[in-house]
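For the sequence shown, position 88 matches number 858 in the numbering used here, and the numbering has no gaps at all.
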Amino acid sequence: MTLEGPEIAPVRARRALLQAELSAVIAALWFDIDHNGGTAAADFFVPDGLLRFADAEFHGRAEIAAVYAARRSRGARVSRHLAANVHLRELAPTRVQATSVVLLFAQDGMPPRPTTSPVLIGDVVDQFILVNDEWRIASRWLQNMFIEPDTELAVPQTPQGGRK
771 MTLEGPEIAP
781 VRARRALLQA
791 ELSAVIAALW
801 FDIDHNGGTA
811 AADFFVPDGL
821 LRFADAEFHG
831 RAEIAAVYAA
841 RRSRGARVSR
851 HLAANVHLRE
861 LAPTRVQATS
871 VVLLFAQDGM
881 PPRPTTSPVL
891 IGDVVDQFIL
901 VNDEWRIASR
911 WLQNMFIEPD
921 TELAVPQTPQ
931 GGRK
């Protein structure tokens with residue numbers, strides 16, 4: 771059976787709203803990382819949230835906040851995370867998986883930096899949970915799809931400082 775006519779309008783409207791809401795959360799998190807060094811990044815997660823880079827895992831807001839504090843302690847860095855192709859898979863009315871593509875342009879130092887190619891192109895899989903009418907990240911996994919072997923990222927990619 772296919773939904774047609776007026777029955778499908780509320781489904782499409784809900785889907786469009788969900789797409790807009792979660793895309794906005796994803797953009798706000800990347801904005802905080804790019805413009806504030808991730809000072810509020812941990813707040814986008816549920817208290818026991820999980821952040822995973824390659825083989826490093828960080829559990830809970832304190833560990834996630836420490837990742838971005840360590841990133842800031844490295845010194846000045848210019849980064850721009852461009853998120854695109856946000857694809858949603860609704861798991862339940864209050865649980866949604868969002869998969870997006872991220873292109874990362876980054877260099878250490880103060881702006882302006884010389885033009886650069888992306889240092890990373892990856893997939894980001896976010897598991898969102900609706901908490902008190904706000905979408906929070908239960909888990910975020912950044913999967914490196916394209917990266918040069920000698921690329922040094924500002925966040926840990928191995929268990930040093932994190933768990934495996």
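We put the beta carbon where it would ideally sit given N, CA and C, even for glycine. Because the structure is a prediction, the values reported are computed rather than measured.
DSSP on residue i, reduced to helix/strand/coil?
i: Ile907; result: strand
i: Pro919; result: coil
i: Gln927; result: coil
i: Arg844; result: coil
i: Ala824; result: coil
i: Ala862; result: strand
Among the residues of its own chain, which have a CB less than 6 Å from the CB of residue i, if the five just before and after it don't count?
i: Gln913; result: Gly892, Asp893
i: Ala840; result: none
i: Ala876; result: Ser849, Val889
i: Ala835; result: Ala812
i: Val866; result: Leu858, Glu860, Phe898
Short of 8 Å in beta carbon distance, which residues of its chain neighbour residue i, apart from the five on each side in sequence? Order them along the chain.
i: Arg842; result: Gly807, Gly808, Thr809
i: Ala846; result: Asp878, Gly879, Met880
i: Arg883; result: Val848, Gln877
In the DSSP assignment, what are the bridge partners of residue i?
i: Val872; result: Ala853, Gly892
i: Asn902; result: None, per the DSSP bridge assignment.
i: His829; result: Leu820
i: Phe815; result: Ile907
i: Asn806; result: According to DSSP, which records beta bridges pairwise, Asn806 is partnered with nothing at all.
Around the Cβ of residue i, are there at least 16 other Cβ atoms within 10 angstroms (buried) or fewer (exposed)?
i: Phe916; result: exposed
i: Arg910; result: buried
i: Asp896; result: buried
i: Phe801; result: exposed
i: Ser870; result: buried
i: Leu874; result: buried
i: Leu792; result: buried
i: Ile778; result: exposed
i: Leu753; result: With the chain covering only 771 through 934, there is no way to say anything about residue 753.
i: Ala790; result: exposed
Which same chain residues, not among the five before or five after residue i, have their C-beta less than 7 Å away from its C-beta?
i: Asp804; result: Ser849, Arg850, His851
i: Gln927; result: Phe823, Ala824, Asp825, Ala826
i: Pro929; result: Asp825, Ala826
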